[in-house]
Every structure is written in C-alpha cells, then in structure tokens.
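Here's the structure, in structure tokens; my notes come after.
In my numbering, the protein residues as written are 170 to 355.
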C-alpha cells in the first residue's frame with residue numbers, strides 16, 4: 170500500500186513540475202514577445218466601459234485608412250499628451266479640406282471627442298480585448314511576478330531533480346541515515 174501511495178505522489182509531483190515549467194516557459198515567451206513587438210496595450214481609464222475596462226489589455230492590429238468604418242474601436246495618439254494613446258470608437262468619418270477625419274467617442278463618455286482624428290494618424294483597430302490582461306502583464310513585469318512565474322518553477326524543478334537523485338542513491342532500503350544503523354545491528 171505504501172508503495173502505491175508513494176508512486177501516486179511521485180506521478181502527481183512530476184505532473185506539477187511539468188505544469189509549472191510549461192507555465193514558466195509561456196510567461197517567459199509572453200514577456201519576450203511583449204518586450205520586442207508590444208502587441209498588447211494596457212488600457213487605463215474607463216472611457217470605453219463596458220466594452221473595455223481599466224487594466225484590460227487590447228491587441229491592436231495596424232489597418233489602412235480605407236479599412237476604417239464607424240463602429241470600429243481604434244487607437245490613436247493623444248493630441249494633448251505626447252507619448253500617450255487613446256482607445257475610442259469611431260462615431261463617423263467626415264471629409265474636411267480634402268482629408269478624411271474620424272470623429273471618435275468613448276462608449277462611456279456623454280459627448281464625442283472635441284478634436285477629429287485624421288485617419289492617417291490612427292495606429293490600428295482593436296481586435297481582441299483581454300479582461301484584466303493589463304494587470305496580469307504588469308504583474309509579470311514586477312519583481313514578485315518574475316519570482317513567482319519564472320524563478321519559482323525552476324527552483325521547484327531543481328528541488329524535484331535533487332529529490333529524484335536522492336531516491337536513486339537510497340533505493341528501496343530506506344534513508345541514507347538509517348542504513349548504517351540497521352547494518353550495525355547484530
């Protein structure tokens with residue numbers, strides 16, 4: 170009976186280690202992809218509530234100005250704050266002075282944005298919304314997230330490997346400490 174329980178526990182431990190390693194590899198891959206390509210943007214604010222909420226992550230894909238239509242959720246540079254972007258919905262498209270402009274509005278805002286956006290300034294369309302994905306990305310980039318999701322699985326793998334080697338050396342006869350005691354008995 171003891172052998173069966175030990176074997177089941179060993180299999181469970183192996184599955185847990187493999188699962189933790191797979192998670193660590195996926196998190197590492199996500200962090201590298203995000204750092205190199207920045208496919209996800211973290212939304213701050215609730216102007217697009219309920220479609221997009223604060224701390225959601227959005228996947229933005231580039232789009233040609235001719236592909237943009239009213240109803241599309243788009244990303245464009247904030248005209249008032251350099252280095253920031255706005256995620257809003259196109260309400261209408263108008264031609265002014267020979268150029269096409271999008272009138273945009275946050276779903277939760279009572280009025281449209283005061284400044285029309287040239288279609289050529291729109292970075293892309295929102296294709297996917299990941300609820301709380303921004304909070305998860307920020308956690309992965311924190312020191313706690315790095316420790317928990319990257320270093321801990323490798324520490325567990327090391328501990329598991331050391332335990333397996335110890336078991337191989339000890340074998341079925343008990344622990345290394347008990348063997349000399351048992352052999353010394355007359």
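The beta-carbon is built from N, C-alpha and C at its ideal position, and this holds for glycine as well.
One or two residues paired with residue i in a DSSP bridge
i, result
"residue 310", "Paired residue(s): none; residue 310 is not in a bridge."
"residue 258", "242 and 274"
"residue 299", "226"
Cβ pair residue i, residue j closer than 8 Å
i, j, result
"residue 275", "residue 259", "no"
"residue 322", "residue 189", "yes"
"residue 174", "residue 221", "no"
"residue 182", "residue 335", "no"
"residue 319", "residue 184", "no"
Chain-order list of residues whose beta-carbon lies under 8 Å from that of residue i (same chain, five-residue window excluded)
i, result
"residue 254", "210, 244, 245, 246, 247 and 292"
"residue 265", "285"
"residue 337", "none"
Close beta carbons around residue i, own chain, < 7 Å, minus the five adjacent residues each side
i, result
"residue 230", "293, 294 and 296"
"residue 278", "216"
Sequence-distant residues of the same chain with beta carbon closer than 6 Å to residue i, five excluded per side
i, result
"residue 198", "none"
"residue 308", "314"
"residue 327", "none"
"residue 263", "270"
Closest Cα partner of residue i within the set the options
i, options, result
"residue 212", "334, 290 and 304", "304"
"residue 267", "334, 289 and 217", "289"
"residue 218", "187, 298 and 205", "298"
"residue 225", "301, 196, 193 and 249", "301"
"residue 261", "181, 237 and 185", "237"
"residue 195", "306, 177 and 330", "306"
"residue 249", "325, 324 and 283", "283"
N-terminal and C-terminal residue of the beta strand (DSSP E) that residue i is part of
i, result
"residue 273", "268-274"
"residue 230", "226-230"
"residue 211", "209-211"
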